[in-house]
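Working notes, structure below.
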Amino acid sequence: MWRIDHENKYKPLDLNIVGEVETTLGYKLPKSYIELLGIQNGGELQKNVIHCEKKTGTKSVCTGRFYPLEKVAINFQEHINIIEEQLAFSDHNRDIYQSYKMILPISVENHGYVCLDYRNSLTDPSVVYFYDEDLVDYYIASSFDDFLKK
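Take 1 as the starting number for the sequence shown in UniProt numbering and just add one per residue.
Structure (structure tokens):
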């Protein structure tokens, strides 16, 4: 599942922080996501190119490097700050920008992120690819389980 990475040594997932991170985020994390991080707490997947749907067709994206769980809450706050900056400078699409506060980046590749999307369900997020320079998101899967099957 995980690509071997000789440069980065990921600490084992501390299961005691899962509840703490969920409380900080305000979201319940998918069981399969926690199980994946239990194998290795961050890094790149062996299969790191995935296809996502958009209105004009299919887009291939790199899933990037998954954050260790202890960094997810910190990076979520940075994501919120980016959205807040966009809201400060734009009167257009305010509702869309506000909704982007409900997507949780879990991996990064340049300015693109694989995210858990809580906009439609606070308990069973879908998975999207979010590009922060354009503030555009692309559908990947209806759940994290389905994401892992792609």
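Idealized CB from N, CA, C, for every residue including glycine. Note that this is a predicted model, so its numbers are computed, not measured.
Alpha carbon of residue i to alpha carbon of residue j, nearest angstrom
i: A88; j: N81; result: 10 angstroms
i: P125; j: L135; result: 19 angstroms
i: S143; j: H79; result: 21 angstroms
i: V128; j: G19; result: 23 angstroms
i: I17; j: G112; result: 26 angstroms
i: K71; j: C52; result: 25 angstroms
i: K28; j: L45; result: 22 angstroms
i: P12; j: E22; result: 18 angstroms
Short Cβ contact (8 angstroms threshold) for residue i with residue j
i: L69; j: N41; result: yes
i: C62; j: E109; result: yes
i: K101; j: I83; result: yes
i: I39; j: I140; result: no
i: R119; j: S90; result: no
i: Y10; j: G64; result: no
i: K59; j: Y138; result: yes
i: M1; j: L37; result: no
Opposing strand residues paired with residue i [DSSP bridges]
i: I50; result: V61
i: L45; result: W2
i: A141; result: V127
i: F66; result: G43, S107
N- and C-terminal bounds of the alpha helix (DSSP H) containing residue i
i: L36; result: 31 to 39
i: S99; result: 94 to 99
i: G112; result: It is not in any alpha helix (DSSP H) - G112 instead sits in the beta strand (DSSP E) that spans 112 to 117.
i: L87; result: 69 to 89
i: E20; result: 16 to 25
Residue range of the unbroken beta strand (DSSP E) whose run includes residue i
i: E109; result: 103 to 109
Next item on the list: Say whether the stretch 99 to 107 touches the stretch 72 to 88, bearing in mind that this needs 3 or more beta-carbon pairs closer than 8 angstroms, one atom from each stretch.
Entry: yes
Next item on the list: Give a yes or no on contact between the stretch 25 to 33 and the stretch 134 to 148, applying the rule of three or more CB pairs nearer than 8 angstroms.
Entry: yes
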